[in-house]
Amino acid sequence: MRAIHIDSYTQQVLEIDVLPAAVQQTACDLLHCERVKIIHAPPLGYMYVNESSWCAEPRTGFTVPSMPRSVLEAGLLVGPYDNDGRETATTVTLKKVIAVVKWENYE
Numbered sequence: 013m014r015a016i017h018i019d020s021y022t023q024q025v026l027e028i029d030v031l032p033a034a035v036q037q038t039a040c041d042l043l044h045c046e047r048v049k050i051i052h053a054p055p056l057g058y059m060y061v062n063e064s065s066w067c068a069e070p071r072t073g074f075t076v077p078s079m080p081r082s083v084l085e086a087g088l089l090v091g092p093y094d095n096d097g098r099e100t101a102t103t104v105t106l107k108k109v110i111a112v113v114k115w116e117n118y119e
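If you read the sequence shown in my numbering, its first letter stands for residue 13, the second for the next number, and so on.
1. Using a Cβ-Cβ cut-off of 7 Å (strictly less than) and excluding sequence neighbours within five positions of C40, which residues of its own chain qualify?
2. Could you please give the first and the last residue of the uninterrupted alpha helix (DSSP H) stretch that includes L43?
3. Rounding to the nearest angstrom, what Cα-Cα distance links T103 and Y93 in this structure?
4. By DSSP, does V76 sit in helix, in strand, or in coil?
5. For A111, count neighbouring C-beta atoms within 10 Å of its own C-beta (all shown protein chains included) and say buried if the count is 16 or more, exposed if not.
6. Indicate the three-state DSSP secondary structure (helix, strand or coil) for L31 in the structure shown.
7. If you measure between the beta carbons of V25 and L106, is that distance less than 9 Å?
8. Over the uninterrupted alpha helix (DSSP H) stretch that includes L56, give me the two end residues.
9. Label I28 either buried or exposed according to how many other C-beta atoms from any shown protein chain fall within 10 Å of its C-beta, with 16 as the threshold for buried.
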């Protein structure tokens, strides 16, 4: 399943393949956490974030236009849930994600 990983530590946006049955575990592995939550971040879609990834101390993060005050460390974009309650592949293009993600450096 197609997903997009946004990583503020490396300031990279990468398209990756995720096994549909392991989306949540993959999100935890990529986001370096034990618990994730999913947020709606228009125009990008649905994004897994670390439950505690809202930047509260000096570090690098990113924002998206729909959430200008929320600085995130990392995210994994996936598509919406289908009629059976399963995540689907993201339909947003890598080019669009790169265009709207703004890197923030907080000292």
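A virtual CB, placed ideally from N, CA and C, is assigned to each residue, including glycine.
Straight from the coordinates:
1. Walking along the sequence shown from the start, residue 40 turns up at place 28. Here the set comprises E46, V48.
2. Translated into the one-based positions of the sequence shown, residue 43 becomes position 31. Per DSSP, L43 belongs to the alpha helix (DSSP H) from 35–43.
3. Taking the sequence shown and counting its residues from 1, one reaches residue 103 at position 91. Taking the sequence shown and counting its residues from 1, one reaches residue 93 at position 81. C-alpha separation (whole angstroms): 12 Å.
4. Here residue 76 corresponds to residue number 64 of the sequence shown, with the count starting at 1. V76: coil per DSSP, three-state reduction.
5. The residue given as residue 111 occupies position 99 in the sequence shown. A111 is classed as exposed because its beta carbon has fewer than 16 other beta carbons within 10 Å across all chains shown.
6. Position 19 of the sequence shown, counting from 1, holds the residue named residue 31. L31: coil per DSSP, three-state reduction.
7. As a first step, residue 25 must be located in the sequence shown, where it is residue number 13. As a first step, residue 106 must be located in the sequence shown, where it is residue number 94. The beta carbons of V25 and L106 sit closer together than 9 Å.
8. Along the sequence shown, one-based indexing puts residue 56 at 44. For L56, no alpha helix (DSSP H) segment is defined, and its DSSP state is neither H nor E.
9. Within the sequence shown, the letter at position 16 stands for residue 28. With a threshold of 16 other beta carbon atoms within 10 Å, I28 falls short and is exposed.
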